[in-house]
């Protein structure tokens with residue numbers, strides 16, 4: 001309980017300050033979260049869902065916490081140049097875990113659509129936030145969700161009213177900026193009312209050389225027939241540690257697609273939990289990981305088919321170079337009575353060196369008989385014959401390898417709905433494979 | 001042999017057959033023609049007792065017995081055979097095991113001893129020739145990996161094995177090239193006896209050229225709207241169905 | 001009255017209507033929906049009889065004294081007792097694992113007797129001839145289809161018959177010894193071939209391996225020992241038949257197979273138990289050592305009593321099986337057909353140390369009623385160019401839970417490792433569960449590891465096609481299930497394959513779904 005203690009202490013000591021600089025629903029869940037965290041402690045390798053990431057070690061070092069919400073001097077537009085060309089978005093910034101309201105986009109959102117600070121929403125739209133906050137992210141089962149709930153003071157609130165279609169993608173750039181090693185606890189709440197439609201693009205960047213430890217909890221509620229595409233693109237540095245827990249609740253006929261792309265990072269652990277509560281819902285989860293050096297990426301998913309005629313697809317691809325380590329564990333649960341479920345899960349991995357290591361664990365847990373479920377996982381290397389064929393045509397070995405890796409990753413990129421993002425990613429991935437994306441492409445410091 | 005009276009049937013609550021009357025006598029071949037959705041496949045499925053279809057009223061007598069009260073397998077034992085439009089694949093179950101199970105179930109029903117392995121294999125060999133199926137067939141799984149033509153030949157092969165008295169060919173000609181069609185049709189003709197009858201469902205004249213039906217029916221909107229001799233099939237081949245529609249309107 | 005299968009169809013049609021209604025917003029009536037599954041008949045367990053034979057059973061309970069007593073009864077040397085005691089002391093420090101997907105009834109280790117000897121009436125060193133065996137015992141094995149008279153034996157199969165804690169008789173011993181092959185009970189081996197046993201016992205499954213391995217190492221009773229000398233191909237199938245008879249006893253068999261350089265052996269294992277209301281504990285260890293160029297095939301048809309239709313009684317089958325492919329070019333193949341036991345916890349595994357070694361795991365696991373199975377394998381690739389294949393077929397019916405759990409690990413130095421895994425599940429009925437938990441840990445860039453899994457049910461179209469050809473539904477299910485399992489059944493020696501096919505059909509009787 002060594003790692004835990006410093007968090008227990010700091011919470012006990014700073015509770016007043018945390019509450020004071022936050023508000024509403026965010027404060028009401030802290031006690032429950034604290035009790036839960038104190039009981040659970042950090043998960044060790046013995047906890048099935050945390051087998052592949054050393055959580056206590058990640059939380060061991062000393063990080064600063066900005067409970068007073070002091071402003072870091074930053075001009076996000078300057079710090080962030082990673083725009084996606086030809087993609088016209090409504091652009092917002094979250095600096096560390098604070099919503100940046102100094103420069104809001106000029107564009108107007110359709111009527112009734114809210115994109116704002118979660119802290120602000122907790123008082124301004126208290127009814128909406130109270131109805132959903134912490135309802136998908138249950139603090140009793142996951143220590144990191146509990147920890148985030150204890151400390152989260154702000155983040156983002158997105159609300160799309162009934163039958164409103166938001167044409168322009170909403171882009172949120174999360175910038176980690178600090179003068180000391182910093183821990184950030186970001187909270188995101190997305191509510192898509194009946195028939196609502198939107199696309200959300202989150203980009204994570206670090207603009208300082210300091211160490212960052214980010215916990216993020218995202219709750220998504222997709223009501224009947226709501227459509228949401230949620231993109232998460234991580235492009236941070238090797239001293240960044242990210243724990244992201246995404247909880248998605250889907251009602252009948254809703255469609256949610258989540259894309260998690262890790263282009264550059266330090267240690268990343270993404271959990272994606274989907275509950276399909278209403279019949280005929282569709283979930284698509286896509287993941288792409290490109291890692292080298294000693295980077296670690298661990299994706300853990302659970303799709304809970306709790307109603308009839310639901311459909312899920314998962315495709316996760318990893319390209320692991322040098323001494324990087326990848327993990328994928330995907331559990332598909334088909335509950336009794338969830339007949340006519342169709343579920344597919346695929347995880348394919350390329351290990352490019354002897355030192356790279358991949359764990360994969362696709363799981364099916366099925367309690368209904370009239371279902372179509374399959375999963376597959378492969379770990380392999382590049383096709384020698386294809387390499388030779390290309391070389392015979394005069395393509396250098398390095399170039400040939402690059403082409404094959406690019407083709408391998410391409411499958412996930414092609415599944416992306418936003419065309420401009422697809423183009424941008426192709427470009428970024430190629431740069432990444434060519435070693436030109438040694439750190440982070442878009443930040444001022446790496447620029 | 002087969003007497004259908006005022007037969008109404010539906011699938012998923014939707015009424016498809018709306019009063020079918022049809023009598024097939026021993027030795028006769030009846031062709032059943034009609035456009036997509038007319039109810040042709042529904043009729044064949046109802047006759048063999050496919051549980052997906054519900055008979056709402058009417059009677060079907062087969063050799064004096066009430067067909068609708070029988071289970072699908074008993075209907076088969078009584079001599080009813082359906083050559084499926086889309087024969088299903090059954091992975092891992094070899095044709096030999098499958099056919100032996102079918103033959104012996106029939107023999108048991110008729111209070112006969114099971115067939116010896118030697119006799120059975122001999123029978124397989126002989127009947128295979130009818131539709132020119134190769135010898136590897138015996139070791140392959142039921143319909144698994146069969147081409148479209150092979151599947152249809154396999155249906156006729158099974159018909160040869162089970163020796164039904166009334167065969168229903170449900171679009172057995174669809175998707176077959178000229179050679180395959182000839183093999184299937186000639187195979188069928190070899191199996192004919194003065195006692196066996198057939199109900200042939202088809203869109204095309206081509207199959208009927210080989211099978212030479214005695215009676216041709218036109219099915220429209222769940223009813224038989226016109227009945228005639230072989231010349232009716234020729235007329236439909238040349239003029240389509242519209243003229244019949246106009247006639248009944 | 002309608003034909004029974006028609007009745008089933010009727011219910012299916014209702015299902016279809018319900019689905020339809022359902023899209024109109026009505027909730028399905030799950031009660032009605034599962035009606036046809038309730039037809040599940042109690043499956044027949046043919047081997048549920050008991051044998052009335054004079055049996056010496058030691059008092060219930062487990063402590064160091066009991067371990068010493070077992071060792072003394074077996075007249076074991078000091079080193080063997082030490083081995084047991086070390087294991088027992090270790091076991092005391094451990095807790096029963098709970099990671100499997102099983103609802104395990106609590107086991108009261110003090111309520112079990114750890115030694116039961118049905119040969120009490122016979123001479124000490126085991127029967128010298130058949131005349132000395134209690135005729136009741138002879139009858140039992142006859143009834144099970146395991147004749148102990150060599151002239152009646154299945155052609156080319158030597159048998160070691162074990163009832164409760166003691167080996168009753170091993171056939172063809174003399175004939176095998178002509179080629180230097182040792183085939184005897186492990187108790188006899190401890191006395192007669194102490195050097196061999198001491199060298200290999202616990203070398204593949206150390207007593208610290210897991211909770212049940214520790215327990216077995218402390219109290220193991222009997223089992224078989226096989227030694228195949230260098231360059232010898234065993235001329236006949238070797239088999240052990242395990243039978244639990246006595247009440248409130250556990251069976252803790254221990255089997256050790258050593259196949260020396262260039263040797264070959266095919267080994268079969270079968271098991272049954274009487275029908276008893278209480279759970280019976282069976283915690284076994286099988287260790288296999290495969291040296292250079294040697295090949296071992298190990299086949300199991302497991303048909304322990306599965307409990308009744310309400311889930312009462314049945315054997316708790318908690319088994320550690322592992323083979324060590326020590327030499328280059330060695331081969332090991334596990335084939336298992338698991339139809340019995342209330343609970344199966346079993347992962348026959350392979351450690352591929354030798355370069356170019358090859359391992360296989362072929363499994364069919366059937367669960368019905370309230371049976372639970374959590375079974376699979378581990379393939380640990382250590383040597384170069386090692387290859388493993390995993391084919392697992394799970395069939396669940398009734399209210400049972402059937403899980404595949406497997407690990408494929410490729411160590412950093414295992415260049416050129418190759419694994420292919422395929423795990424399929426077939427569900428019969430809507431109240432059972434089929435689960436797949438594969439773990440893959442690849443630490444080498446030259447490895448190719450592939451896993452695929454599918455879940456399916458027998459389609460109504462397939463059943464109807466069979467019906468139209470005159471095959472009744474029940475028989476059609478048997479045909480289709482056997483077709484589904486064929487890939488594994490084909491791996492079994494002929495006599496076993498026939499037996500296994502019958503078992504599959506019997507196990508699933510009445511589960512049309």
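Chains as they are written, first to last, in the working numbering: chain A, 1 to 447; chain B, 1 to 249; chain C, 1 to 513. From the three backbone atoms N, C-alpha and C, an ideal C-beta is built for every residue, glycine too. From a predicted model like this one, the values you see are computed outputs, not experimental measurements.
Distance between residue j and residue i (C-alpha atoms, nearest Å)
{"i": "residue 375(A)", "j": "residue 375(C)", "result": "18 Å"}
{"i": "residue 413(A)", "j": "residue 422(A)", "result": "6 Å"}
{"i": "residue 19(B)", "j": "residue 222(B)", "result": "7 Å"}
{"i": "residue 96(A)", "j": "residue 106(C)", "result": "51 Å"}
{"i": "residue 237(B)", "j": "residue 482(C)", "result": "47 Å"}
{"i": "residue 157(A)", "j": "residue 114(A)", "result": "7 Å"}
{"i": "residue 74(B)", "j": "residue 59(B)", "result": "17 Å"}
{"i": "residue 82(B)", "j": "residue 190(B)", "result": "17 Å"}
{"i": "residue 402(A)", "j": "residue 427(A)", "result": "13 Å"}
{"i": "residue 293(C)", "j": "residue 259(C)", "result": "10 Å"}
{"i": "residue 98(A)", "j": "residue 64(A)", "result": "15 Å"}
{"i": "residue 317(A)", "j": "residue 399(A)", "result": "20 Å"}
{"i": "residue 303(A)", "j": "residue 323(A)", "result": "30 Å"}
{"i": "residue 177(A)", "j": "residue 2(A)", "result": "28 Å"}
{"i": "residue 335(C)", "j": "residue 395(C)", "result": "16 Å"}
{"i": "residue 445(C)", "j": "residue 292(A)", "result": "13 Å"}
{"i": "residue 455(A)", "j": "residue 184(A)", "result": "In the structure as shown, chain A starts at 1 and stops at 447, and residue 455(A) therefore has no counterpart that could be examined."}
{"i": "residue 95(B)", "j": "residue 188(A)", "result": "59 Å"}
Residue i, buried or exposed, once every other Cβ within 10 Å from all chains shown has been counted against 16
{"i": "residue 345(C)", "result": "buried"}
{"i": "residue 354(C)", "result": "buried"}
{"i": "residue 26(C)", "result": "Confidence at residue 26(C) is low in this model, with a pLDDT of 36, below 50, so its placement is unreliable and the value that follows should be read with caution. Looking at its Cβ environment, which holds fewer than 16 other Cβ atoms inside 10 Å, residue 26(C) is exposed."}
{"i": "residue 173(B)", "result": "buried"}
{"i": "residue 494(C)", "result": "exposed"}
{"i": "residue 43(C)", "result": "Confidence at residue 43(C) is low in this model, with a pLDDT of 44, below 50, so the placement of that residue should be treated as unreliable; the coordinate-derived value is given next. Result: buried."}
{"i": "residue 76(C)", "result": "buried"}
{"i": "residue 281(A)", "result": "buried"}
{"i": "residue 243(B)", "result": "exposed"}
{"i": "residue 243(A)", "result": "buried"}
The alpha helix (DSSP H) enclosing residue i, as first and last residue numbers
{"i": "residue 224(A)", "result": "Counting along the chain, residue 224(A) falls outside any alpha helix (DSSP H), and DSSP gives it neither H nor E."}
{"i": "residue 423(A)", "result": "419-433"}
{"i": "residue 91(C)", "result": "78-92"}
{"i": "residue 154(B)", "result": "148-162"}
{"i": "residue 8(A)", "result": "2-20"}
Within-8 Å CB hit, residue i to chain E
{"i": "residue 105(B)", "result": "The structure shown has no chain E; the protein chains it does contain are A, B and C."}
Residue range of the unbroken beta strand (DSSP E) whose run includes residue i
{"i": "residue 478(C)", "result": "No beta strand (DSSP E) contains residue 478(C), which is instead part of the alpha helix (DSSP H) from 473-489."}
{"i": "residue 413(A)", "result": "No beta strand (DSSP E) holds residue 413(A); the alpha helix (DSSP H) holding it covers 397-414."}
{"i": "residue 390(C)", "result": "387-397"}
{"i": "residue 382(A)", "result": "Note, residue 382(A): premise wrong, no beta strand (DSSP E); not H, not E."}
**Report entry** Residues from the stretch 351-368 of chain A in contact with chain C, defined by Cβ distance under 9 Å
**Finding:** 351, 352, 353, 354, 355, 356, 357, 358, 359, 360, 361, 362, 363, 364, 365, 366, 367 and 368
Report task. Check each residue of the stretch 388-403 of chain C: if its Cβ is closer than 8 Å to any Cβ of chain B, include it; give the result in chain order. Result -> none
**Report entry** Selection of the stretch 416-434 of chain C by Cβ proximity to chain B, strictly under 7 Å
**Finding:** none
Requested in this report: Would you list, in sequence order, the uninterrupted beta strand (DSSP E) runs of no fewer than 3 residues that lie entirely inside the stretch 220-295 of chain A?
Outcome: 227-235, 240-250, 255-264, 267-276 and 282-291
Query raised in the report: Taking a cut of 7 Å between CB atoms, which residues from the stretch 465-486 of chain C lie near chain B?
Result: 465, 467, 468, 469, 470, 471, 472, 475, 479, 480, 483, 484 and 486
Query raised in the report: What are the residues of the stretch 81-99 of chain B that lie near chain C, defined by any Cβ-Cβ distance shorter than 9 Å?
Result: 81, 82, 84, 86, 87, 88, 89, 90, 91, 92, 93, 94, 97, 98 and 99
Report task. Please list the residues of the stretch 100-131 of chain B that have a C-beta atom closer than 7 Å to any C-beta atom in chain C, keeping them in chain order. Result -> 101, 102, 105 and 106
Query raised in the report: Taking any Cβ of chain A, which residues in the stretch 437-466 of chain C have a Cβ under 8 Å from it, in chain order?
Result: 437, 438, 439, 440, 441, 442, 443, 444, 445, 446, 447, 448, 449, 450, 451, 452, 453, 454, 455, 456 and 457
Query - Short-range partners of chain C found in the stretch 375-389 of chain A, where Cβ spacing is below 8 Å - result: 375, 376, 377, 378, 379, 380 and 381
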